[in-house]
Amino acid sequence: MSLLRILFTVFISGIFSLNVAAQSLLNRTVTLDAKQRPLSEVLNIISKQGNFYFSYISNILPQDSIVSISVRKKTVRQVLDLLFAGDYMYKESGNYIILLKKSSGQTYYLISGTVSDRKTGMRVANASVYERQQLISTLTNNDGYFRLRLRDKYPTAAISVSKDLYLDTSLVLNPVQDQEVVLSITPVSYQLKTVEITSRHQVEKTWFGRALLSSRQKMQSLNLASFFADKPYQMSLTPGLGTHGRMGAQVVNKLSFNLLGGYTAGVDGVEIGSAFNIVKHDMQHVQLAGVLNVVGGKTKGVQVAGVHNNVLDSLKGVQIAGVSNNVEGSQLGVQMAGVWNHIHGNAEGLQAQGVAGLVSGDMDGWQVSGIGSIAEKNMRGLQVAGIFNEAKDSAHGAQLTAVGNFGGEVEGFQGAGVLNVARKSLDGVQIAAGLNVNKKHTDGFQGSGIFNYTAGDLDGGQVTLGGNIVKRKVSGFQLGGLFNYAHHLKGVQIGIVNIADTSEGYSVGLINIVRRGFKRVSVYSNDLQPVNIAWKTGRERLYSILLVGYDPSSLNTSYSIGYGIGTEIPIRKRLFIAAEFTSESLYQRAWDGSSTVLRVHPLLHYRLGRKISIFAGPSFVVQVHDMLKPKEGYHVNPPGSNYPSFNIGKEATGWLGWQAGISIF
0 MSLLRILFTV FISGIFSLNV AAQSLLNRTV TLDAKQRPLS EVLNIISKQG NFYFSYISNI
60 LPQDSIVSIS VRKKTVRQVL DLLFAGDYMY KESGNYIILL KKSSGQTYYL ISGTVSDRKT
120 GMRVANASVY ERQQLISTLT NNDGYFRLRL RDKYPTAAIS VSKDLYLDTS LVLNPVQDQE
180 VVLSITPVSY QLKTVEITSR HQVEKTWFGR ALLSSRQKMQ SLNLASFFAD KPYQMSLTPG
240 LGTHGRMGAQ VVNKLSFNLL GGYTAGVDGV EIGSAFNIVK HDMQHVQLAG VLNVVGGKTK
300 GVQVAGVHNN VLDSLKGVQI AGVSNNVEGS QLGVQMAGVW NHIHGNAEGL QAQGVAGLVS
360 GDMDGWQVSG IGSIAEKNMR GLQVAGIFNE AKDSAHGAQL TAVGNFGGEV EGFQGAGVLN
420 VARKSLDGVQ IAAGLNVNKK HTDGFQGSGI FNYTAGDLDG GQVTLGGNIV KRKVSGFQLG
480 GLFNYAHHLK GVQIGIVNIA DTSEGYSVGL INIVRRGFKR VSVYSNDLQP VNIAWKTGRE
540 RLYSILLVGY DPSSLNTSYS IGYGIGTEIP IRKRLFIAAE FTSESLYQRA WDGSSTVLRV
600 HPLLHYRLGR KISIFAGPSF VVQVHDMLKP KEGYHVNPPG SNYPSFNIGK EATGWLGWQA
660 GISIF
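Start counting the sequence shown at 0; every next residue gets the next number (numbering that gives the first Met the number 0).
Laid out in structure tokens, this is it:
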């Protein structure tokens, strides 16, 4: 019995379903009792009882109006007539009843239908259905259903269907006539196509596109990637709500005005948006926005935004923003922002910003920043920043900053308050109050307040109050307030301490050290003091002398300390002459009563061995002294007064003296 009951129930249900399906939607009967209910709620009750759906344009139907109705077993048509009092027309399409408002002016006709996959027969959702001439479009729903309301003023009409990964399909319509169509589209095989790429990214995939555009708008743009139209103007409230409706993103306009924001295919004239403008492809001439401009293609002209400008291809012209600018491609022109600018390609022109600017390619022009200017490749021109400048590959021109400049190959000028760095080479000038550093060759000049460093050769000059270091060869000059170092000296060093590993040049200073050069210690007597020691360093051509002397005599006690320079002149294998000039301070009573002794002497040396020689020679001596007051234990008269002497003014005495001793090393 249970099995028979089940079969009977299924049979009766099938017959009932066939009867309902065969019955017209408008002739189905409904019963309802609604008091003071919204119209949309009443329509929903009717559609559920009749097992169908209502379709209507939301802005022509007063969905929130309050209605009251009580009917019993009335047809849907009768109930709708009671609700709308004859102001609306009703059309059936599949399982839909379409509500259309009657109008006395311009009339419309309705195109509805379905879109399916030609191979599988499955309905296709989110396919774009549009009329090219009227720029009216829609997307199919999840059941592949669509409807378009077209104007009857056009004598011809055709609808097109586009869907990503499908071939486009078009259908010519019977004009000014409601009709239902069935369309099928064919999947497309992947093929390599020759295309001209005008933008590297899609505006829909940017952060701004994801935030400001709906999923339906992005799907529409993807489907209609190859369809565009030109129009003289457009006006919109928001993307998709304007004179071109949902097709606005497929139109290039001469004049575009967006009350809040717009989403267009392109601009070939002027675009103004109180909040934002989004352009899928190219923009040329003028674009103004209160907050944001986004252009997916090339920008030629002037682009101004209160906050940010974003160009996904190249810029030729002027870009101005209150906060930041971004260009994914190259720039030819001017980029100005209150905070940050970034050019991902090459730049030619001016980049100015309140905080920092970055050019990821080559920079030909000027970068001016409140904090930092950066060129990741080559910079040709001028970089000015409050804190730092960076040209990673090369800097050809000038870098000026209060703190630090950094460049790869520097050809030009670096001026910094603290630090200059050339990572590859310097062919130009570095001036810093603090330090200059060059990690390779220097062909130019380094001037600093503290320190100069060159890791390679120096063909030029170094000047500092502190120290200079060249790790390889110096073919120019080093002038250091404290010290100079060169691995191989072929030029001149002037400083208190001069150090070189090997030397073919000249070191002038208090202490000159050549590790593989000249070093001698001389012990000798002269006409002033019986005991003297001198340390001589440098090279034979020019060496420095540090000397001390002592006279232990109780009646003529004196001490001396001094400095001098000398050179050796070879005569024969074992003979050479050392021509020297020395200046020494002679202490006789107290340092405030000391005198200065200047001495010039040619000394004849005879080599006893490779590292030892004896020497002797005459001296011409001049002693400059004050009026000396007697003090017990110290000789009052000039020590040289025992030799034939002569006066030079009132405070100098000259005489002929002598010097003899031995040198070792």
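C-beta atoms are modelled at their ideal positions from N, C-alpha and C, and glycine is treated no differently.
Start and end residues, beta strand (DSSP E) containing residue i
i, result
"L38", "That residue, L38, is in no beta strand (DSSP E); its alpha helix (DSSP H) goes 38 to 49."
"Q445", "444 to 447"
"F207", "Counting along the chain, F207 falls outside any beta strand (DSSP E), though it belongs to the alpha helix (DSSP H) covering 206 to 211."
"M88", "87 to 92"
"R122", "Unbroken run through R122: none, as it is neither H nor E."
"E583", "574 to 586"
"N419", "418 to 431"
"D456", "Careful: D456 lies outside any beta strand (DSSP E) and carries neither H nor E."
"G480", "Run containing G480: none; DSSP gives neither H nor E here."
"N309", "307 to 310"
"T501", "496 to 502"
"Q133", "It is not in any beta strand (DSSP E) - Q133 carries neither H nor E in the DSSP assignment."
"E179", "178 to 184"
"S159", "157 to 161"
"E375", "Counting along the chain, E375 falls outside any beta strand (DSSP E), and DSSP gives it neither H nor E."
"T263", "260 to 263"
Residue i, DSSP secondary structure in three states
i, result
"T193", "At T193 the pLDDT is 46, less than 50, meaning the model places this residue with poor confidence and gives no usable figure here."
"F387", "strand"
"Q77", "helix"
"V462", "strand"
"G369", "coil"
"E203", "helix"
"Q330", "strand"
"Q249", "helix"
"I59", "helix"
"F675", "Outside the displayed span of the chain (0 to 664) sits residue 675, for which this structure offers no information."
"T652", "strand"
"F15", "With a pLDDT of 34 at F15, under the threshold of 50, the modelled position of this residue cannot be trusted; read the value that follows with caution. If DSSP states are grouped into helix, strand and coil, F15 belongs with the helices."
"N26", "helix"
"L166", "coil"
"G268", "strand"
"L240", "strand"
"L172", "coil"
"L527", "coil"
"L509", "coil"
"H634", "Note that H634 scores 49 on pLDDT, short of 50, meaning its location in the model is unreliable and no value can be drawn from it."
"L98", "strand"
"L82", "helix"
"D392", "strand"
"I564", "strand"
"H280", "coil"
"D32", "strand"
"V402", "coil"
Residue(s) in a DSSP beta bridge with residue i
i, result
"M335", "I319, A351"
"R598", "T581, V620"
"T536", "K518, S543"
"L291", "F275, H307"
Beta-carbon spacing of residue i, residue j below 7 Å
i, j, result
"S521", "G608", "no"
"G448", "S474", "no"
"Y165", "V187", "yes"
"A577", "L602", "yes"
"G268", "N257", "no"
"R538", "G516", "yes"
"Y95", "Y52", "yes"
"G305", "G316", "no"
"V596", "Q622", "yes"
"Y89", "L138", "no"
"R150", "Q133", "yes"
"S662", "R573", "no"
"N404", "D392", "no"
"Q283", "N276", "no"
Distance between beta carbons of residue j and residue i, contact taken as under 8 Å
i, j, result
"N309", "N325", "5 Å"
"G411", "A401", "In fact, because the Cβ distance is near 19 Å, the residues do not count as touching under 8 Å."
"G494", "L478", "7 Å"
"V333", "G353", "Actually they are not in contact, since the Cβ atoms of V333 and G353 sit about 15 Å apart, beyond 8 Å."
"G565", "I532", "At roughly 15 Å, the Cβ-Cβ gap does not stay under 8 Å, so G565 and I532 are not in contact."
"N525", "G656", "6 Å"
"A384", "S359", "That pair is no contact at about 17 Å."
"Q330", "S313", "7 Å"
"T441", "L425", "5 Å"
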